[in-house]
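Inspection log for the structure reproduced underneath, given as C-alpha cells.
Number of protein chains: 2
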Amino acid sequence: MGKQMTEMLKGTLEGIVLAILSGRPAYGYEITAWLRDQGFSDIAEGTVYALLVRIERRGLVDVEKVPSDKGPPRKVYSLNAQGQEYLEEFWGTWSFLAERLEQLRKAGR
Amino acid sequence: MGKQMTEMLKGTLEGIVLAILSGRPAYGYEITAWLRDQGFSDIAEGTVYALLVRIERRGLVDVEKVPSDKGPPRKVYSLNAQGQEYLEEFWGTWSFLAERLEQLRKAGR
DNA sequence: TACCAGTACATAGCAACACTGAATAGCTGA
DNA sequence: TCAGCTATTCAGTGTTGCTATGTACTGGTA
Numbered sequence: 036m037g038k039q040m041t042e043m044l045k046g047t048l049e050g051i052v053l054a055i056l057s058g059r060p061a062y063g064y065e066i067t068a069w070l071r072d073q074g075f076s077d078i079a080e081g082t083v084y085a086l087l088v089r090i091e092r093r094g095l096v097d098v099e100k101v102p103s104d105k106g107p108p109r110k111v112y113s114l115n116a117q118g119q120e121y122l123e124e125f126w127g128t129w130s131f132l133a134e135r136l137e138q139l140r141k142a143g144r
Numbered sequence: 036m037g038k039q040m041t042e043m044l045k046g047t048l049e050g051i052v053l054a055i056l057s058g059r060p061a062y063g064y065e066i067t068a069w070l071r072d073q074g075f076s077d078i079a080e081g082t083v084y085a086l087l088v089r090i091e092r093r094g095l096v097d098v099e100k101v102p103s104d105k106g107p108p109r110k111v112y113s114l115n116a117q118g119q120e121y122l123e124e125f126w127g128t129w130s131f132l133a134e135r136l137e138q139l140r141k142a143g144r
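As given, the protein sequences belong to chains A and B, one line each in that order. Everything in the first sequence is counted per my numbering, starting at 36 for the first residue and increasing by one. Everything in the second sequence is counted per my numbering, starting at 36 for the first residue and increasing by one.
And the structure:
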C-alpha cells in the first residue's frame, strides 16, 4: 500500500466499513476480502479487526457470534441506530472535504 | 474541529496544501487564513507550519525568505518539479478513494 | 498419522499525522 | 509603553493504519 493511501485511509476506512455494514451485517474476514476485491489491495487483516473492536467499543455496532462450518466462529457485526447516525455524520464530513478538493483540482487546471 | 474531520484530514491536508501551492507560491500564515476562509474553521496554525516543514524536508517545495512590512519575514513556499509529481500521485490516490466512497454512498440509498 | 492450506480472530509495538498549548519575534497605532 | 496583528516554531498528546505474530478450527492429502 502506498504511503499516501495509508494516510488517507485514516478516518475514511472507518466510514467505509460502517457503510458496508449499513448495507448488511458482515464479519471481519469477509470485510477484509471485500476490501481487497475492491482494489484496497493490501489492507492488513489486523487493521480491520482493530477497527471493528474500536467501533464496537464505541457502541456503533451490534455483535453476534455465529458458528462457521469452515473454521472458528464468526463475529458478525451490524450497524445499530447510533452507528447509522454516526455514518450520516461521516457522509457530511466526507462531502465537505470532497467538495473542497474537487474545487482545488478544477482550479489547478 | 470535529474528530471525524481531524482524522480524515490526515493525508489529505498535505494534498490540499500542495494543491494550493501549485496555483501560486504562498506562506504559512496566508495558507492558514485561506483554509479557514474555505470552511476549515479550526485548522490549527501549528498544524500547517509542521506540514510545511515536512514537505520542505522531503524536497517537494522551494523556500524563499521574504521580508514583510507587517511583521517578521515570511517563508514563501513554491511547488517544485518533485512536488508537482507528488501532487499528481496524490490526485490519483484521492480519485481512487473518492470513487469507492461514491459507490458505497450510492449503494446505501 | 502428520502436515498444510484456508478460514477466522486477536494483539503488541511502531510510525505518521493533526491537535493543543505555549513561546518567540517583528511591526503598527493608540 | 503596550495591545494587537502578523508570522513562525516546538514539545507533548491521541488516534490511526501497518507489521508481525500467534491462536484456533476445518478439510484434504501424502
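All C-beta atoms, glycine included, are put in the ideal place defined by N, C-alpha and C.
With at least 16 other beta carbons inside 10 angstroms of its own, Gln39 (chain B) counts as buried. Of A:Gly81, A:Ala54, A:Glu42, A:Gly37, the smallest CA-CA separation from Glu137 (chain B) is found for A:Ala54. In the structure shown, Asp104 (chain A) falls within a coil segment according to DSSP collapsed to helix, strand and coil. Going by DSSP, Ser57 (chain A) is part of the alpha helix (DSSP H) stretching over 47–58. Counting only runs of at least 4 residues, the stretch 65–144 of chain A fully encloses the following alpha helix (DSSP H) elements, listed from N- to C-terminal order: 80–92, 116–142. A straight-line Cα-Cα distance of about 12 Å links Ala85 (chain A) and Val52 (chain A). In chain order, Gln39 make up the part of chain A whose C-beta sits under 7 Å from the C-beta of Glu124 (chain B).
Asp97 (chain B) sits close to Asn115 (chain B), with the two beta carbons spaced by under 9 Å.
Taking 9 Å as the Cβ-Cβ cut-off, the stretch 47–64 of chain A approaches chain B at Thr47, Glu49, Gly50, Ile51, Ala54, Ile55, Ser57, Gly58, given in chain order. Gly74 (chain A) is positioned such that its CB atom lies closer than 9 Å to that of Phe131 (chain B).
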